[in-house]
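K.L.:
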Amino acid sequence: MDEKENNIKLMQELISEIDKHNYNYYVLDNPTISDSEYDKLYYSLVDLEKETGIILPNSPTQRVGGDVLDKFEKKRHVVPLYSLSKVRDFDDLTKWVRDMLKLSPHTKFALEYKFDGLQVVIEYDNGNFVSATTRGNGTIGEDVSLQVKTIKSVPLSIDYKGRLIVQGECMMTNKNFEIYNRTAEEKLKNPRNAAAGAVRNLDPKQTAKRNLDYFCYSILYCPERHFDTQEEMHEFLQQNGFQTGDYFKICNDENELIAEIEKVDKIKSGLDVMIDGMVIKINDTKYRDEIGFTAKFPRWAMAYKFAATEATTRLKSVTWQVGRSGRVTPIANLEPVELAGATIKRATLNNIDDIRKKDIYENAMVFMRRSNEVIPEIMGLASKDENSRKIEIPSHCPSCNSLLVQKGPLLFCENHYGCREQIIDRLSHFCSRNAFNIEGVSEKSIEAFYEKLEVTKASDLFLLKEEDLLKLEGFKEKKAKNMINSIENSKIIELNRFLFALGIIEVGSKTARDIASHFKTLADIKNASLESLAEIEDVGNIIAQNIFDFFRDQENLQEIDRLFKLGVKIKEVQTDQKSDILKGKTIVITGTLSRPRADFERMIEAHGGKSSSSVSAKTDFLLLGENAGSKLEKAKSLGIKILSEQDFLKLINE
138 MDEKENNIKL
148 MQELISEIDK
158 HNYNYYVLDN
168 PTISDSEYDK
178 LYYSLVDLEK
188 ETGIILPNSP
198 TQRVGGDVLD
208 KFEKKRHVVP
218 LYSLSKVRDF
228 DDLTKWVRDM
238 LKLSPHTKFA
248 LEYKFDGLQV
258 VIEYDNGNFV
268 SATTRGNGTI
278 GEDVSLQVKT
288 IKSVPLSIDY
298 KGRLIVQGEC
308 MMTNKNFEIY
318 NRTAEEKLKN
328 PRNAAAGAVR
338 NLDPKQTAKR
348 NLDYFCYSIL
358 YCPERHFDTQ
368 EEMHEFLQQN
378 GFQTGDYFKI
388 CNDENELIAE
398 IEKVDKIKSG
408 LDVMIDGMVI
418 KINDTKYRDE
428 IGFTAKFPRW
438 AMAYKFAATE
448 ATTRLKSVTW
458 QVGRSGRVTP
468 IANLEPVELA
478 GATIKRATLN
488 NIDDIRKKDI
498 YENAMVFMRR
508 SNEVIPEIMG
518 LASKDENSRK
528 IEIPSHCPSC
538 NSLLVQKGPL
548 LFCENHYGCR
558 EQIIDRLSHF
568 CSRNAFNIEG
578 VSEKSIEAFY
588 EKLEVTKASD
598 LFLLKEEDLL
608 KLEGFKEKKA
618 KNMINSIENS
628 KIIELNRFLF
638 ALGIIEVGSK
648 TARDIASHFK
658 TLADIKNASL
668 ESLAEIEDVG
678 NIIAQNIFDF
688 FRDQENLQEI
698 DRLFKLGVKI
708 KEVQTDQKSD
718 ILKGKTIVIT
728 GTLSRPRADF
738 ERMIEAHGGK
748 SSSSVSAKTD
758 FLLLGENAGS
768 KLEKAKSLGI
778 KILSEQDFLK
788 LINE
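For the sequence shown, the numbering used here gives the first residue as 138, with consecutive numbering after it.
#1: Leaving out five residues on either side along the sequence, give the residues of the same chain with a beta carbon under 8 Å from the beta carbon of R526.
#2: Just to check my reading of the structure: V619 and G577 have Cβ atoms closer than 8 Å, yes? What is that Cβ distance to the nearest angstrom?
#3: Have a look at S646 and G460 and give me their C-alpha separation to the nearest angstrom.
#4: Could you name each continuous alpha helix (DSSP H) segment of 4 residues or more that falls completely within the region 460 to 511, going from the start of the chain to the end?
#5: Can you give me the Cβ contacts of V474 inside the same chain, cut-off strictly under 7 Å, excluding the 5 residues immediately before and after it?
#6: How is the alpha helix (DSSP H) around N265 delimited, first residue to last?
#7: Is it true that the CB of I191 sits closer than 8 Å to the CB of I145?
#8: Counting along the chain, where does the beta strand (DSSP E) carrying E279 start and finish?
#9: Compute the Euclidean distance between the alpha carbons of S748 and V336, then round it to the nearest angstrom.
#10: Are the Cβ atoms of T729 and E763 separated by less than 8 Å?
#11: Would you decide whether Q256 is buried or exposed? Buried here means 16 or more other CB atoms lie within 10 Å of its CB.
#12: According to DSSP, simplified to helix, strand and coil, what is A444?
#13: From T271 to V410, what distance separates their C-alpha atoms?
#14: So the candidates are S596, N538, A479, G334; which of them puts its Cα closest to the Cα of N703?
#15: Under 8 Å between the Cβ atoms of I468 and K495?
#16: Quick one: measure Cβ to Cβ for F252 and F352, integer angstroms, because I've assumed they're closer than 8 Å.
#17: Hey, F246 and I419: beta-carbon distance below 8 Å or not?
#18: According to DSSP, simplified to helix, strand and coil, what is V336?
#19: Measuring straight from C-alpha to C-alpha, what distance separates E369 and I387?
#20: Please state whether DSSP places P197 in a helix, a strand or coil.
#21: Within 10 angstroms of its Cβ, does S355 collect 16 or more other Cβ (buried), or is it exposed?
#22: Would you call the region 264 to 284 and the region 338 to 353 touching, i.e. three or more CB-CB distances under 8 Å?
#23: Count the other CB atoms, across all protein chains shown, that sit within 10 Å of the CB of N633; report buried if there are 16 or more and exposed otherwise.
#24: Does DSSP classify Q682 as helix, strand or coil?
#25: Grab me the residues of S181's own chain with a C-beta within less than 8 Å of its C-beta, minus the 5 sequence neighbours each way, in chain order.
#26: Alpha carbon to alpha carbon, how far is F685 from Q691? Give it in angstroms, no decimals.
#27: Identify whether Y160 lies in helix, strand or coil by the three-state DSSP scheme.
#28: Quick one: what's got a C-beta closer than 7 Å to S781's C-beta in the same chain, skipping five residues either side?
#29: Alpha carbon to alpha carbon, what distance is there between Q367 and F385?
#30: From the beta carbon of R507, is the nearest beta carbon of chain C less than 8 Å away?
#31: Taking the alpha helix (DSSP H) that D402 belongs to, which residues open and close that run?
#32: If you draw a straight line from the C-alpha of N509 to the C-alpha of N311, how long is it?
#33: What are the residues that DSSP puts in a beta bridge with E249?
#34: Thinking C-alpha only, which one of E323, F379, E322, H363 is nearest D350?
#35: May I have the straight-line CA-CA distance separating L667 from V465, to the nearest angstrom?
#36: Keeping to the same chain, check which residues put their C-beta closer than 8 Å to that of Y179; ignore five residues upstream and five downstream.
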């Protein structure tokens with residue numbers, strides 16, 4: 138063997154080793170060597186290429202091309218690309234499944250994610266990457282070979298040596314999207330647009346910066362190999378180093394399909410990739426030619442589309458809302474848009490920095506997202522025109538016209554005892570279920586108390602008499618009597634509910650319960666040091682400071698004294714310990730359960746356990762309800778035991 142042959146052999150060995158580690162890292166997410174060891178292999182190959190002047194076509198050093206293209210070359214697809222027909226409800230899905238079973242008796246169905254990225258077709262020959270082409274119009278696409286070669290989960294060489302054309306989706310994972318945006322001067326709007334923009338960038342170096350992934354789901358052309366099922370194709374793709382995603386199921390009928398689709402729908406917002414539905418294909422390929430195609434779709438495949446979680450709509454205007462702490466928050470008023478089964482008309486914009494970062498305008502189109510069926514969020518600007526206008530930051534309170542104070546990106550009205558919206562919000566909070574739980578007192582009632590009876594502090598509620606309420610519109614003798622009784626009956630209260638009712642910034646009902654359980658008396662909480670407050674799990678420095686400052690404000694202390702003088706009494710903290718079966722165990726609750734979450738938190742504590750709001754390596758159990766989100770995925774990844782509501786009740790009853 139001469140020197141050239143020896144160098145080529147050595148290069149091939151290095152490439153094979155590097156490809157193996159790329160597959161472990163980027164496809165399996167299971168690195169087997171350190172970064173420094175990987176770099177040593179990579180730069181050994183770089184040095185050998187420089188020394189010999191030889192670069193093999195499948196060398197990983199060629200993932201980022203050196204030249205910026207003037208334009209994309211057009212390329213005709215070897216196999217025409219079809220779209221998928223779509224259904225949005227289970228009735229239509231059931232009808233399609235039954236039609237398929239008539240045409241293909243005893244077939245099963247392959248179920249996969251419907252990835253929401255940029256579709257790209259990749260060709261291989263003799264085991265080497267040849268080209269990559271966008272979908273285009275299905276007949277002709279754009280040659281994006283240099284760009285796609287930068288994607289580390291795209292194998293540049295594969296074991297199969299025949300001609301092969303595969304289909305998949307270029308995507309940016311949510312994790313890589315967040316990492317990129319942390320340091321980017323120009324923030325990306327969402328992972329889907331980020332992937333499409335990266336692949337269709339004429340400079341491959343810019344594509345590489347976005348750290349894309351490629352998820353492969355179909356074999357379009359493989360003349361020397363026959364596949365009997367979709368399952369065989371899926372296994373073949375994995376065997377040749379393609380990333381296929383972490384989901385592939387075989388189902389027998391519509392009932393199994395629907396059950397699986399419902400499961401994925403609940404956890405989709407916690408996935409690291411964006412999906413907008415599920416793809417169902419007849420598993421047995423022998424039936425596909427018989428069933429055939431329409432002009433646009435294969436009849437043997439179908440996409441079930443989830444309710445949209447992203448959309449564009451017009452941001453009509455921004456109003457500024459004052460909360461009980463005096464914080465003034467921007468609220469976006471939107472043209473109504475359907476998202477995840479709900480009509481969205483408003484969304485929070487968080488603060489001034491959020492508006493600037495997202496570069497949004499009134500009377501402009503914006504991207505909307507509703508994750509895990511919760512609060513809708515504006516992601517960024519979609520487009521603006523000559524009628525769009527800059528969002529004005531107010532200088533005065535929209536409620537009382539006091540001069541606003543800016544603290545970092547936040548605005549505050551410091552007229553705490555004269556600002557209508559703050560007062561009404563504080564009183565509503567004080568009367569709420571997890572606080573004094575005064576039955577029959579609505580926000581409308583509180584507005585009437587404030588405007589007609591000059592109720593401005595919580596203690597004023599305990600001065601009200603029946604004759605005062607009879608002056609108000611809609612109050613008859615019975616209603617007035619019942620409300621006064623509700624106010625009177627609320628005076629005896631647990632420490633945690635009293636603490637929550639005070640409205641200390643960022644002290645929710647669970648935090649209030651943790652603090653009450655730790656200190657046992659209000660006096661001990663008032664006198665607690667910053668350090669001792671911060672030591673309580675899930676409290677931390679910021680909330681500790683808020684509590685510490687609250688009990689050093691003379692107005693707050695005077696109001697607490699007034700409440701006690703008017704008959705409010707705090708019950709002794711009851712341990713109510715039923716067992717120690719959960720002693721030393723930390724449980725996180727996610728999703729919707731049959732009773733309020735606070736009830737389950739109390740049960741956990743009553744049996745010696747602790748409830749936490751976030752999943753970590755210290756979590757022992759995840760208590761799982763309906764419509765669970767990202768906590769479920771994180772718990773699975775950490776190997777945390779998952780309990781259903783029935784499992785949990787059985788555990789504590791034992």
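All C-beta atoms, glycine included, are put in the ideal place defined by N, C-alpha and C.
P.N.:
According to the structure data:
#1: Y498, E499, N500, listed in sequence order.
#2: According to the sequence as given, residue 619 is Asn; it is not Val. Yes, N619 and G577 are in contact; Cβ-Cβ is about 6 Å, under 8 Å.
#3: In a straight line, the C-alpha of S646 is about 18 Å away from that of G460.
#4: Qualifying alpha helix (DSSP H) stretches, in chain order: 489 to 495.
#5: Once the five neighbours on either side are set aside, the close Cβ partners of V474 are A448, T450, I481, M505.
#6: No alpha helix (DSSP H) contains N265, which is instead part of the beta strand (DSSP E) from 265 to 271.
#7: In this structure, I191 lies closer than 8 Å to I145 by Cβ.
#8: Here the beta strand (DSSP E) through E279 covers 277 to 279.
#9: Going by the C-alpha atoms only, they are around 45 Å apart.
#10: E763 sits close to T729, with the two beta carbons spaced by under 8 Å.
#11: Q256 comes out buried.
#12: It is coil, neither helix nor strand.
#13: The alpha-carbon atoms of T271 and V410 are separated by roughly 20 Å.
#14: Per the sequence shown, the amino acid found at residue 703 is Leu instead of Asn. The candidate whose alpha carbon is nearest that of L703 is S596.
#15: For the pair I468 and K495, the CB atoms are not nearer than the 8 Å cut-off.
#16: F252 to F352, Cβ: 5 Å. Contact.
#17: Less than 8 Å separates the beta-carbon of F246 from that of I419.
#18: Here V336 carries a helix assignment [DSSP, helix/strand/coil].
#19: Using only the alpha carbons, I get a separation of about 12 Å.
#20: In the structure shown, P197 adopts helical secondary structure according to DSSP, grouped into three states.
#21: S355 should be labelled buried.
#22: These segments touch.
#23: It counts as buried.
#24: Note: Q682 maps to helix in three-state DSSP.
#25: Result list for S181: L151, in chain order.
#26: For Q691 and F685, the distance between alpha carbons rounds to 12 Å.
#27: Three-state DSSP puts Y160 in a helix.
#28: Residues L761 of the same chain have their beta carbon placed closer than 7 Å to that of S781, with the five preceding and five following residues left out of the count.
#29: Counting only the Cα atoms, Q367 lies some 10 Å from F385.
#30: Of the protein chains in the structure, only one exists, and it is not chain C.
#31: In the DSSP assignment, D402 falls within the unbroken alpha helix (DSSP H) covering 391 to 404.
#32: Unreliable positioning characterises N509 in this predicted model, as indicated by a pLDDT of 48, which lies under 50. The coordinate reading is nonetheless provided below. Just so you know, the alpha carbons of N509 and N311 end up roughly 15 Å apart.
#33: According to DSSP, E249 shares a beta bridge with V416.
#34: Here the closest residue by C-alpha is F379.
#35: Annotation: L667 to V465 spans about 27 Å, alpha carbon to alpha carbon.
#36: Excluding the 5 residues flanking it on each side, Y179 has same chain C-beta neighbours closer than 8 Å at I155, P197, T198, in chain order.
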